[in-house]
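Protein chains in written order, with my numbering: chain Y, 14 to 419; chain X, 20 to 284. Positions of the beta carbon are idealized from the N, C-alpha and C atoms, including for glycine. Please read the structure below before turning to the comments.
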Amino acid sequence: MKPLTSWARAAVVALPFFSFSTAAGEVKAYIGAEGRYFFNEPLSSAQEEHSTSLSANIEFFHDYDNDEQRIAITAFGRADSVDNNRTHLDLREAYWWKGFDQFEVYLGLRKIFWGVTESVHLVDIINQKDVLENIDGEQKLGQGMLQLVSQRDWGLLELFVMPHFREQQFPGEKARLRSPLAIAEQAIYQSDKGDQHVDFAVSWNHYFGVFDMSLSHFSGTNRNPLFIPSTQEGNEQAFQQTDTVLQALYQQIHQTGLTVQATAAEWLWKLEAISIEEQHYGRNSAAVAGLEYTLFTLFNSNADLGLIAEYQFDDRTGIRETFAQNDLALGLRWAFNDIDGSELLAIASHDFDYHTQFVSLELGRRITDDWRIEAEARFFVADNPEAPSYALRQDDYIQLELRRYF
Amino acid sequence: MNLIKNTLFPFLTISSLYFASAALAETPEQKGLAIAREVDTRDLGFGDSTADITMALRDQHGNERTRKMRNRTMEVAGDGDKSIIIFDNPGDVKGTAFLSFTHKTGSDDQWLFLPALKRIKKISSSNKAGAFMNSEFAFEDISSQEVEKYTYRYLRDETFEGTPVFVNESDPVDPKSGYSKLEVSIDKARYIPLKIDFYDRGERLKKTLILSDYTQYLEKYWRAHTWSMKNHQTGKSTVLTMDNWNFANGFTDKDFNKNSLSRIK
Chain Y
14 MKPLTSWARA
24 AVVALPFFSF
34 STAAGEVKAY
44 IGAEGRYFFN
54 EPLSSAQEEH
64 STSLSANIEF
74 FHDYDNDEQR
84 IAITAFGRAD
94 SVDNNRTHLD
104 LREAYWWKGF
114 DQFEVYLGLR
124 KIFWGVTESV
134 HLVDIINQKD
144 VLENIDGEQK
154 LGQGMLQLVS
164 QRDWGLLELF
174 VMPHFREQQF
184 PGEKARLRSP
194 LAIAEQAIYQ
204 SDKGDQHVDF
214 AVSWNHYFGV
224 FDMSLSHFSG
234 TNRNPLFIPS
244 TQEGNEQAFQ
254 QTDTVLQALY
264 QQIHQTGLTV
274 QATAAEWLWK
284 LEAISIEEQH
294 YGRNSAAVAG
304 LEYTLFTLFN
314 SNADLGLIAE
324 YQFDDRTGIR
334 ETFAQNDLAL
344 GLRWAFNDID
354 GSELLAIASH
364 DFDYHTQFVS
374 LELGRRITDD
384 WRIEAEARFF
394 VADNPEAPSY
404 ALRQDDYIQL
414 ELRRYF
Chain X
20 MNLIKNTLFP
30 FLTISSLYFA
40 SAALAETPEQ
50 KGLAIAREVD
60 TRDLGFGDST
70 ADITMALRDQ
80 HGNERTRKMR
90 NRTMEVAGDG
100 DKSIIIFDNP
110 GDVKGTAFLS
120 FTHKTGSDDQ
130 WLFLPALKRI
140 KKISSSNKAG
150 AFMNSEFAFE
160 DISSQEVEKY
170 TYRYLRDETF
180 EGTPVFVNES
190 DPVDPKSGYS
200 KLEVSIDKAR
210 YIPLKIDFYD
220 RGERLKKTLI
230 LSDYTQYLEK
240 YWRAHTWSMK
250 NHQTGKSTVL
260 TMDNWNFANG
270 FTDKDFNKNS
280 LSRIK
């Protein structure tokens, strides 16, 4: 079990000091059982073939002071049969909110999403990703912050001050979906303040007619580390008998982001772009642009079929190269709109530089109003040793999860 | 989706000249339009409201599922209403919220808040004929529609369950509508709809909506507590119950934007 960060501990300790004098708040929760089946033998004999796990998520909120103040807590935990690192507990949210006449304040752990596209999330940078949960980057660790929000006639303005940083947590030796080399326990930081560097961000969000737009800027510790091969002595984390491990290096960056979505009848046109400045590397840019076209009430049924196409570009090279540097993603979103809320999301992408492919299928439906089943399958077609996804070539998997909501 | 307005007809700023023309209307089209405008005018000025919604979905075999929602609506001078719907069940969609700005002309603006990802998505409002929450209500049945979006024709006087009514035909202007026409029975005394027959694109009777249990609020505004929709073609039905109406909540634009949507519980 990973220990809670100091921020999360502080939030837990502080909770009893909030007043609960008015009516009880609302609680929402689920528990889930998950199984992952891998189609192929693992690359390393140390890796287990399949895994099962149990998870739980509980949310609580309480409004008081005539709904001008709120406290909210979301806790998530998972116990995994194979990976001790994936057995983890996290406070996704633990914050206090107060509304004032001209602005609002949030203080504590929060989860923030920025972006419009489906195949990659470029501008979304406030939270660290919980990559142990899912490689899609949509699960996140709670981020401590002071957030100021002000709705003006000319848009929504948000300021973030983030006094701590949370490192990515990586799968352990026995787990699948990991790099062949171990990642050292000790990360290194460009900033001599380490994980205590104070990060800042600002965003503006507005809409004009069919256009929804946002501009954002972030200055601070990059959420995505660079991986530096290291042969330091005494690294007990090494997966194999060699001494080579990867060391996560967190650089300081300045990242400016833009999102645009035009919503015109059945067409959604989407763009996310970032310009990123990093010491020793200068300025780079990345973008994802595409569309989603929906066929509503397909064949006079209740179902809607969405067709997705997005092109991904990123000019960072070398150890900074990303998976989405010159790729086309095509997808289908099938919402059956039946009584059990059945839905299917299928995305296939092709990398034009390395000629690799990636396929993701997600299928979900309710069984009753309280039970839901979800299936997820991912396939990595990568026989090019130079390709970023080569390390995952044996890790095609299907996952089933059953959830009970309360 | 604007479930709050109990009428299917929108607001229109109208001069007293229109009242005069209503009385003197000669053609069925003029009389139909005048009735629609009068229905609309009588609901002007309600300000804002909230209500709790329970939707019972019944299939042809009598199986029933229940959906619960909460609604907040604010009247906007010179345009369609702003509203938010918060979904309270089933468990996997609990906390999902839907923000809608309806407009007199042009497409409505609609955003969805997905609580698991904390993501707000602007969504297409073209899905007029699609089913709302798998119910027998289409999105266009429950959205605040504007006078300009229909053409009207007065058909006849009639009695519906003992109440004298006008029967008014409304023809959707939008080709994306799932209907060729609606026949609306309007209480002559109160100018509120009591029954609506919906005809599909093939001119066949598809659904009938009965609006009942009307209560008057603020000594002026009538709200139906029960909306009962029957689909004649499939045998399915949906009964939508709206309770705990509250007016004069003091809502402002700040209660209906992407920021308030992201905070909604």
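Partner residues on chain X for V162 of chain Y, Cβ-Cβ distance less than 7 angstroms: N278
Close beta carbons around K168 of chain X, own chain, < 7 angstroms, minus the five adjacent residues each side: P191, V192, D193
Of the listed residues X:M93, X:Q49, X:T73, nearest to G269 of chain X (C-alpha basis): X:M93
Residue-chain proximity (K113 of chain X, chain Y), Cβ-Cβ < 9 angstroms: yes
C-beta atoms of Q156 of chain Y and Q203 of chain Y nearer than 9 angstroms: no
Where N108 of chain X meets chain Y, residues with beta-carbon distance less than 8 angstroms: D382
Cα-Cα separation, D103 of chain Y to D143 of chain Y: 10 angstroms
C-alpha gap between E285 of chain Y and T272 of chain Y, whole angstroms: 4 angstroms
Neighbour-count burial assignment, F65 of chain X, 16 or more Cβ in a 10 Å radius: buried
Near-chain Y residues of the segment 123-148 of chain X (beta-carbon distance less than 9 angstroms), N- to C-terminal order: G125, S126, D128, Q129, W130, L133, P134, A135, L136, K137, R138, I139, K140, K141, I142, S143, S144, S145, N146, K147, A148
Helix, strand or coil at R406 of chain Y according to DSSP, with G and I counted as helix: coil
Distance between V112 of chain X and A195 of chain Y (C-alpha atoms, nearest Å): 39 angstroms
Sequence-distant residues of its chain with Cβ nearer than 7 angstroms to P184 of chain Y (five each side left out): D96, N98, R99, L145, L190, R191
Complete beta strand (DSSP E) runs within the segment 202-226 of chain X (minimum length 3 residues, chain order): 212-219
Whole-number beta carbon distance between N313 of chain Y and D351 of chain Y, since they are thought to touch under 8 angstroms: Contact flag wrong, Cβ pair sits at about 15 angstroms.
Unbroken alpha helix (DSSP H) run spanning G51 of chain X, endpoints: 47-60
Reference T307 of chain Y, options Y:E279, Y:T330, Y:R296, Y:Y324, closest by Cα: Y:E279
Local Cβ density within 10 Å of A37 of chain Y, reported as buried at 16 or more and exposed below that: Low per-residue confidence applies at A37 of chain Y: pLDDT is 47, beneath 50, and the placement is therefore not dependable enough to give any value.
T276 of chain Y beta carbon less than 9 angstroms from that of S126 of chain X: yes
Stretch-stretch touch, CB-based, cutoff 8 angstroms, three pairs: the segment 167-180 of chain Y with the segment 208-221 of chain Y: yes
Chain-ordered neighbours of K225 of chain X on chain Y, where CB pairs are closer than 7 angstroms: Here the premise fails: no neighbours, minimum Cβ distance about 11 angstroms.
Contacts around H297 of chain X, its chain only, beta-carbon distance under 8 angstroms, and the 5 residues preceding and following it disregarded: Since the first residue of chain X shown is 20 and the last is 284, residue 297 of chain X is not available in this structure.
Short CB-CB distance (under 9 angstroms) between V394 of chain Y and chain X: no
Neighbour list for N153 of chain X in chain Y, Cβ cutoff strictly below 7 angstroms: N315, N350, D351, I352
Within 9 angstroms of chain Y by C-beta, residues of the segment 59-79 of chain X in sequence order: L76, D78
Cα-Cα separation, Q252 of chain X to D216 of chain X: 13 angstroms
Own chain partners of F158 of chain X with C-beta closer than 7 angstroms, once the 5 adjacent residues on each side are dropped: M20, N146, K147, G149, F151
Meets three-Cβ-pair contact criterion under 8 angstroms: the segment 128-144 of chain Y and the segment 285-305 of chain Y: yes
Straight-line Cα distance separating D71 of chain X from S154 of chain X: 17 angstroms
The beta strand (DSSP E) enclosing E291 of chain Y, as first and last residue numbers: 280-291
Residue-chain proximity (G197 of chain X, chain Y), Cβ-Cβ < 9 angstroms: yes
Limits of the unbroken alpha helix (DSSP H) element including L280 of chain X: 277-282
Residue environment, V162 of chain Y, which counts as buried when at least 16 other CB atoms sit within 10 Å: buried
Per-residue DSSP class, three states only, for E159 of chain X: helix
Test item: CB-CB of W347 of chain Y and L318 of chain Y under 9 angstroms: yes
Partners in chain Y for R89 of chain X, counting only beta-carbon separations shorter than 7 angstroms: Within 7 angstroms Cβ-Cβ: nothing; R89 of chain X doesn't reach chain Y, min ~12 angstroms.
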